[in-house]
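First up is the structure itself, then whatever we jot down about it.
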Amino acid sequence: SEIFWRDHQAFLQNRGYTLRPRYHPQWVPSWIGKRKKPFKCEDYLPSARKVLDAIRTSDKVKVIIKRVKTNTEEIPIGCYLSSDLLRKDPRNRSVHILDVIPLPDNDDEALIVMLFLRSFHQPPFEFKSEYVEAANQLLEGLVFMHKHNVSHMDAFLFNIMMDSSQLIPRGFHFANKNTHDGVTNGKFDFEDRRDVAPVSYYFIDFGLSSRFPSFEKRGNFTGRVGQDRTVPEFSDTIAWDPFKVDIYQLGSVFARIESDYIGLDFLHLLVESMRQTDPSQRPDASGALEHFRKLISTLSPDDLNTEVWR
Numbered sequence: 113s114e115i116f117w118r119d120h121q122a123f124l125q126n127r128g129y130t131l132r133p134r135y136h137p138q139w140v141p142s143w144i145g146k147r148k149k150p151f152k153c154e155d156y157l158p159s160a161r162k163v164l165d166a167i168r169t170s171d172k173v174k175v176i177i178k179r180v181k182t183n184t185e186e187i188p189i190g191c192y193l194s195s196d197l198l199r200k201d202p203r204n205r206s207v208h209i210l211d212v213i214p215l216p217d218n219d220d221e222a223l224i225v226m227l228f229l230r231s232f233h234q235p236p237f238e239f240k241s242e243y244v245e246a247a248n249q250l251l252e253g254l255v256f257m258h259k260h261n262v263s264h265m266d267a268f269l270f271n272i273m274m275d276s277s278q279l280i281p282r283g284f285h286f287a288n289k290n291t292h293d294g295v296t297n298g299k300f301d302f303e304d305r306r307d308v309a310p311v312s313y314y315f316i317d318f319g320l321s322s323r324f325p326s327f328e329k330r331g332n333f334t335g336r337v338g339q340d341r342t343v344p345e346f347s348d349t350i351a352w353d354p355f356k357v358d359i360y361q362l363g364s365v366f367a368r369i370e371s372d373y374i375g376l377d378f379l380h381l382l383v384e385s386m387r388q389t390d391p392s393q394r395p396d397a398s399g400a401l402e403h404f405r406k407l408i409s410t411l412s413p414d415d416l417n418t419e420v421w422r
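Under the numbering used here, the first residue of the sequence shown carries the number 113, and numbering increases by one thereafter.
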């Protein structure tokens, strides 16, 4: 996949996106002919994946460019959720699609340009209030998607991100995310989330998602999809409700966070309800958000200031 980016570097430059020197056709490794160890050079770091960082030349803003299949709903759903009208709703926690770039040599794939984001739980939450903010945004985001008859179908750990621009003011290197420059390990500066609140959280990757024309015309599916294969109703023969799967998957994210931290069991009843074996016993997204808000309404300011990282 690195060869793909090298071969499309000039094309992307003409479209207004600058790739790192490693992906330029004329690239010469910076350690060649010098007394430098390769692993101490920024351009040594590979990114063998379908996602790469770039600089938007018009304003020098970092972005992410992703290769996507054109036979999925990723582009139509992503663009729908990124439309001007839907972007105005603060509950919309779907990643903003900034640009769609058709490939001149491949009708089966296209490129989408997105915000430069980071995994939502790294660096870790320090205080209970920080996690409450994240969970609230994610539940609101799920309510928003479902209101617009979009089921994500992979609302799990790797598809939840955050805008870390205020949290990590010096930024981070895409290929070595716990460094600012890609090579200087051991010193990574970041703020407490509560000091730069609110941090914005987003759902990404709509490659498995579906959008239905109305509530009445929602459909069911068979098979197994997404990262979380513990979804109990997955079956190759019995159809399941994708909206209930979203609830279970996000509940599994909350369960994972609860197990990794201390003092987050105040949401345990919500997590249990979202992960009910019988999907008919799970709340819908609005019900989960309402349950969440009832639980956090009992927290005092001192509770919210409690440290939660082990």
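Using N, Cα and C, we set each Cβ at its ideal position, and we do this for glycine too.
From a predicted model like this one, the values you see are computed outputs, not experimental measurements.
At which residues does the beta strand (DSSP E) containing Ser-347 begin and terminate?
347-352
Open item on the list: If you reduce the DSSP assignment to three classes, tell me which class Asp-414 lands in.
Closed with: helix
For Ala-472, which of helix, strand or coil comes out of DSSP? There is no way to answer for residue 472, as the model of the chain reaches only from 113 to 422.
Nearest-angstrom Cα separation, counted from His-120 out to Gln-278: 31 Å
Taking 7 Å as the limit between beta carbons, can you name the residues of its chain near Phe-286, skipping five residues before and five after?
Ser-159 and Asp-165
inquiry  = Taking its Cβ as the centre, do 16 or more other Cβ atoms sit within 10 Å of Val-173, making it buried, or is it exposed?
reply    = exposed
So, does the stretch 361-377 touch the stretch 291-311, judging by three or more C-beta pairs under 8 Å? no
Notebook entry, point to check: Count the other CB atoms within 10 Å of the CB of His-380; is the residue buried (16 or more) or exposed (fewer)?
Noted result: exposed
So, with DSSP's three-state summary, where would you put Trp-117? helix
Exercise. Can you tell me whether DSSP reads Arg-179 as helix, strand or coil?
Worked result: strand
Check your understanding: Just curious, the beta strand (DSSP E) that Ile-213 is in, first and last residue?
Key -> Where Ile-213 is concerned, the enclosing beta strand (DSSP E) stretches over 209-215.
Q.
Per DSSP, what are the beta-bridge partners of Phe-239 in this structure?
A. DSSP lists Glu-419 as the beta-bridge partner residues of Phe-239.
- Using the beta-carbon count (16 or more within 10 Å), is Asp-358 buried or exposed? buried
Between Ala-246, Ser-276 and Leu-124, which lies nearest to Ile-213 when the distance is taken from Cα to Cα? Leu-124
Assign His-136 to one of three DSSP states: helix, strand, or coil.
coil
C-alpha distance - Phe-346 paired with Leu-197, whole-angstrom precision | 35 Å
Inset, instruction - Verify whether the separation of the beta carbon atoms of His-485 and Met-274 is less than 8 Å. - result: Summary: the structure shown does not reach residue 485, with the chain confined to residues 113 through 422, and so no result is reported for it.
N- and C-terminal bounds of the alpha helix (DSSP H) containing Ile-167: Careful: Ile-167 lies outside any alpha helix (DSSP H), inside the beta strand (DSSP E) at 163-168.
How many angstroms separate the CA atom of Leu-227 from the CA atom of Gly-283?
13 Å
**Item:** Bridge partners - Ile-224, DSSP secondary structure assignment
**Value:** Lys-178 and Val-212
The stretch 238-257 in contact with the stretch 199-211 per 3-pair CB rule at 8 Å: The stretch 238-257 is in contact with the stretch 199-211.
*Would you grab the beta carbon distance between His-403 and Pro-395 for me? Rounded to a whole angstrom, and I think it's under 8 Å.*
6 Å
task: Determine the DSSP secondary structure at Asp-358, reduced to helix, strand or coil.
output: If DSSP states are grouped into helix, strand and coil, Asp-358 belongs with the helices.
- [ ] Pair every Cβ in the stretch 314-324 with every Cβ in the stretch 187-195, then say whether three or more of these pairs are closer than 8 Å.
- [x] yes
Task: Best match in Thr-349, Ser-142 and Asp-340 for proximity to Val-365 [C-alpha to C-alpha] - done: Val-365 has its Cα closest to that of Asp-340, out of Thr-349, Ser-142 and Asp-340.
Could you check what DSSP says for Val-365 in three-state terms: helix, strand or coil? helix
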